[in-house]
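Numbering (UniProt numbering), first residue to last: 1 to 275.
Some notes on the structure that comes next.
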Amino acid sequence: MRVYLGCGGYSNDDWTAPGLIYEGVKKDGYLDTYARHFDAVELNSSFYAIPGLKAFEGMARKSAGRTRFAVKLNRAFTHDRAPTDADYDRMLQSPEPLRDAGLMGPYLAQFPFSFHRTAENRRYLLGLAERFAGHELAVELRHASWDRPEVREGMGDFGLIWVSPDYPPVGGMPEPQVHVTGDVGYLRLHGRNEGSWWEGKSAAERHDYLYNRAEMDEWAEKIALVNDDLSELYIFFQNTTRGHALKNIPMLREALNARGVPVQTPDPGDDGRLL
């Protein structure tokens, strides 16, 4: 199993704090610096506006072939749930420079907690799978009504990747387990800040959580169990607030390597200040 490790987004201004990887780095140098430390990134900007071809060309160039991109679907697909044909065309065609460079990871459909398992929503998800057929599509379903073996079996039949999550223990959401629905796995670690998950005023506040070593060992044990079941596993830390993810990723690398799951550590070259 090839493990890709990275963060939810790379444009994190709080990583400019002393001792973190963007200290002294200008904003247009963020991606180049990020790619020296991580071999995958989850692209957040596409959720708000789908980038054009030139933007994706710039990402491929600045990452210098070091980093795989998981591209989050625009909110029209997951929150508004009224995408037009033009939305589909742009979402499918714009990342072509990443595909040409061999840097394209799965698409990510991040559905909100309000997206329950109803007949209507099941039909919508089926339609989405059909429109993205031939592309890897990872689906995060936050409501616990989806957390059923038959749902994952159906997702596997339609080529969808179940997103395995780590959420705060607030109830009503899927359990923190690694589930396999195909050759590719996808794990999102949101942190366990239960006090701000529902009440937080921003994503940064909700994800303000630093995992401890025991929690990283716990996930390493779960990941090791599927080592022979997957060809690739993408792991994205969402707890980017105050650089928490930057500290947790080396912990998880170490824990996985200790359990016989090899994880590559990118060579930062001349910019190895933290990792």
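Glycine is no exception: its CB is placed at the ideal position from the N, C-alpha and C atoms.
Apart from the five residues just before and just after residue i, which ones in its own chain have a Cβ nearer than 7 Å to its Cβ?
i: TYR88; result: ARG131
i: VAL263; result: VAL3, LEU5, ARG253, LEU256, ASN257
i: ALA60; result: PRO97, LEU98, ALA101, LEU103
i: LYS72; result: GLU42, LEU43, ASN44, SER46, PHE47, LEU108, GLN110
i: THR181; result: ARG152, MET155, GLY156, LEU160, ILE161, TRP162
Looking only at C-alpha atoms, which of the options sits nearest to residue i?
i: HIS79; options: LEU98, MET104, LEU31, LEU141; result: LEU141
i: PRO168; options: PRO250, PRO95, GLN238, ALA70; result: GLN238
i: PRO95; options: GLY58, PRO176, TYR30, GLY8; result: GLY58
i: LEU20; options: ASP267, GLY159, ALA245; result: ALA245
i: THR67; options: ALA35, MET1, ALA82; result: ALA35
i: ASN44; options: PRO18, MET1, GLY8; result: GLY8
i: TRP198; options: ARG90, MET173, GLY156; result: MET173
i: GLY185; options: ARG259, ARG192, PRO165, LYS62; result: PRO165
i: ARG81; options: LEU125, HIS143, GLU194; result: LEU125
Cα separation between residue i and residue j?
i: TYR161; j: ALA101; result: Residue 161 is actually Ile in this sequence, not Tyr. About 23 Å.
i: residue 278; j: LEU225; result: Look at the range of the chain in this structure, 1 to 275, and you will see that residue 278 is not part of it.
i: ALA64; j: GLN177; result: 34 Å
i: THR240; j: ASP147; result: 26 Å
i: MET251; j: GLY127; result: 39 Å
i: TRP15; j: ASN212; result: 20 Å
i: THR84; j: GLY260; result: 46 Å
i: ASN12; j: ARG242; result: 9 Å
i: ASP76; j: ALA86; result: What sits at residue 76 in the sequence shown is Ala, not Asp. For ALA76 and ALA86, the distance between alpha carbons rounds to 11 Å.
In the structure shown, what three-state DSSP assignment does residue i receive?
i: LEU274; result: Because the pLDDT at LEU274 is just 48, under 50, the model does not fix this residue reliably, and the value given afterwards should be weighed accordingly. If DSSP states are grouped into helix, strand and coil, LEU274 belongs with coil.
i: PRO169; result: coil
i: LYS72; result: strand
i: ILE50; result: coil
i: PHE142; result: Residue 142 is actually Arg in this sequence, not Phe. Correct three-state label for ARG142: coil.
i: ALA40; result: strand
i: TYR22; result: coil
i: GLN238; result: coil
Within this structure, are the beta carbons of residue i and residue j separated by less than 8 Å?
i: VAL41; j: TYR22; result: no
i: ARG122; j: VAL163; result: no
i: LYS62; j: LEU31; result: yes
i: ALA138; j: PRO106; result: yes
i: GLY195; j: HIS207; result: no
Could you pull out every residue in the same chain whose Cβ sits closer than 6 Å to the Cβ of residue i, ignoring the five residues on either side in sequence?
i: PHE158; result: ALA129
i: ILE235; result: LEU5, LEU187
i: residue 276; result: Residue 276 lies beyond the range of the chain shown here (1 to 275); nothing can be said about it.
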